[in-house]
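*Asks:* Okay, handing you the structure first.
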Amino acid sequence: MNISRIALAGGVAASTVLLLAGTASAHVSVQPQGEAAKGGYATVNFKVPNERDDASTVKVEVNFPTDHPLASVSPQPVAGWKIDITRSKLAKPLEVHGKQINEAVSKVTWTADGSGIGPGYFQQFPLSVGQLPENADQLVFKTLQTYSNKEVVRWIDEPTAGGEEPESPAPVLALTAPAADAHGAAADDKGGAAEETKETTASSDVASSSGSDTTARVLGIVGIVVGVAGVAFGVLAGRRRSA
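Going by our numbering, the first residue of the sequence shown is number 96, and it counts up by one from there.
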């Protein structure tokens with residue numbers, strides 16, 4: 096009987112922990128499809144869960160960082176949602192592929208055409224973004240989530256230095272090492288291997304050519320010796336016959 100009570104209490108405690116963990120982790124987040132390499136382009140998904148039992152999410156506003164502006168932002172159409180892109184003039188122009196960019200996307204807004212994201216569901220909002228900064232390890236996208244009951248949840252708290260998750264964390268996109276470095280190293284390795292192969296092949300060709308020349312010379316000398324010996328033998332044979 097005591098064992099049953101202990102097991103029941105443990106089950107209730109475990110369920111409570113799982114419930115609290117699920118509630119704490121249910122917030123707007125951003126993840127790349129693959130990797131988001133510094134200096135490159137990436138496709139990212141903003142995952143928006145609905146955290147209310149009596150309301151639906153009808154609007155999502157993602158604000159882009161102003162300290163690392165992104166010149167290229169292309170949303171993927173999402174059924175049942177209208178997309179608005181807001182651009183702002185840059186205080187300092189960007190140079191992308193040799194061209195100066197004077198404005199960048201500052202906000203992308205998704206507004207539901209229908210019922211939106213219902214209780215117990217989530218929705219992903221894909222974006223193609225770039226060129227990602229080379230001098231940053233992450234990008235913070237402060238996001239506002241609006242419900243059908245007019246409630247607005249502000250996911251705007253930036254990560255803390257201690258690594259603890261804030262109460263309303265903003266979506267954070269982690270940037271990985273530049274892909275060009277790895278490709279460059281691979282290219283250098285391949286180039287070096289190719290040069291080494293060429294040098295080896297050239298050395299082999301030279302060695303083969305030298306060997307062929309030596310063989311030809313030896314055969315030529317042997318032929319001359321055989322010829323001289325044949326002439327001498329013929330002369331001696333003629334003298335013997337005359338005698």
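Glycine included, every Cβ here is placed at the ideal spot set by N, Cα and C.
Within its chain, find whatever has a CB closer than 7 Å to the CB of Asp208; leave out the 5 residues flanking it on each side and keep chain order.
*Replies:* Numbered from 1 along the sequence shown, position 113 holds the residue referred to as residue 208. Excluding residues within five positions, the ones whose Cβ falls inside 7 Å are Gly175, Trp176 and Lys177.
*Asks:* What number of angstroms, rounded off, separates the C-alpha of Pro228 from the C-alpha of Gln128?
*Replies:* Taking the sequence shown and counting its residues from 1, the one referred to as residue 228 is at position 133. Taking the sequence shown and counting its residues from 1, the one referred to as residue 128 is at position 33. Pro228 and Gln128: Cα-Cα distance of roughly 18 Å.
*Asks:* Would the beta-carbon of Asn158 fall within 8 Å of that of Lys202?
*Replies:* Reading the sequence shown from its first residue, position 63 is the one you call residue 158. Reading the sequence shown from its first residue, position 107 is the one you call residue 202. In contact: Asn158 and Lys202 (Cβ atoms closer than 8 Å).
*Asks:* May I ask which residues mark the beginning and end of the beta strand (DSSP E) holding Gln126?
*Replies:* Counting from one through the sequence shown, the residue named residue 126 turns up at place 31. Run containing Gln126: Ser124 to Pro127, per the beta strand (DSSP E) assignment.
*Asks:* Look up Ala274 in the DSSP assignment and say whether it is helix, strand or coil.
*Replies:* On the sequence shown, position 179 is the one that residue 274 refers to. Helix, per DSSP.
*Asks:* Answer with yes or no whether the minimum CB distance from Thr206 to chain C is below 8 Å.
*Replies:* In summary, chain C is missing from the structure at hand, where a single protein chain is found.
*Asks:* Helix or strand or just coil, what does DSSP make of Pro160?
*Replies:* Mapped onto the sequence shown, residue 160 falls at position 65. Residue state, collapsed to three classes: coil.
*Asks:* Taking only three categories from DSSP, how would you classify Val203?
*Replies:* Counting from 1 along the sequence shown, the entry for residue 203 is found at position 108. In this structure, Val203 counts as strand in the three-state DSSP scheme.
*Asks:* Assuming Leu185 contacts Ala199 under a Cβ cut-off of 8 Å, what Cβ separation, rounded to an integer in Å, is found between them?
*Replies:* In the sequence shown, residue 185 corresponds to position 90, counting from 1. In the sequence shown, residue 199 corresponds to position 104, counting from 1. That pair is a contact at about 6 Å.
*Asks:* Is the segment 251-268 touching the segment 161-172, taking contact as three or more C-beta pairs under 8 Å?
*Replies:* Not touching, per the Cβ criterion.
*Asks:* For Ile212, count the other beta carbons within 10 Å of its own beta carbon; 16 or more makes it buried, fewer makes it exposed. Which is it?
*Replies:* Your numbering for residue 212 matches position 117 in the sequence shown. Buried, by the Cβ-count rule.
*Asks:* Just how far apart, CA to CA, sit Lys245 and Asp149?
*Replies:* Mapped onto the sequence shown, residue 245 falls at position 150. Mapped onto the sequence shown, residue 149 falls at position 54. Going from the Cα of Lys245 to the Cα of Asp149 covers about 12 Å.
*Asks:* Quick one: give me the first and last residue of the beta strand (DSSP E) that Ala137 is part of.
*Replies:* Counted from its first residue, the sequence shown places residue 137 at position 42. That run of the beta strand (DSSP E) goes Ala137 to Pro144.
*Asks:* Sorted by chain position, which residues of the same chain lie with C-beta nearer than 6 Å to Lys154's C-beta, five sequence neighbours on each side aside?
*Replies:* Here the question's residue 154 lines up with position 59 in the sequence shown. So the list reads Thr206 and Thr241, once near-sequence residues are dropped.
*Asks:* What residues in its chain sit with their C-beta under 6 Å from that of Ala272, if we drop five residues either side in the sequence?
*Replies:* What you label residue 272 is simply residue 177 of the sequence shown in a count that begins at 1. Around Ala272: no qualifying Cβ.
*Asks:* If you follow the beta strand (DSSP E) that Gly257 is part of, which residue opens it and which one closes it?
*Replies:* Start at 1 with the first residue of the sequence shown, and residue 257 comes out as number 162. Note, Gly257: premise wrong, no beta strand (DSSP E); not H, not E.
*Asks:* Alpha carbon to alpha carbon, how far is Glu259 from Pro266?
*Replies:* Here residue 259 refers to the residue found at position 164 of the sequence shown. Here residue 266 refers to the residue found at position 171 of the sequence shown. Between Glu259 and Pro266, the C-alpha separation is close to 14 Å.
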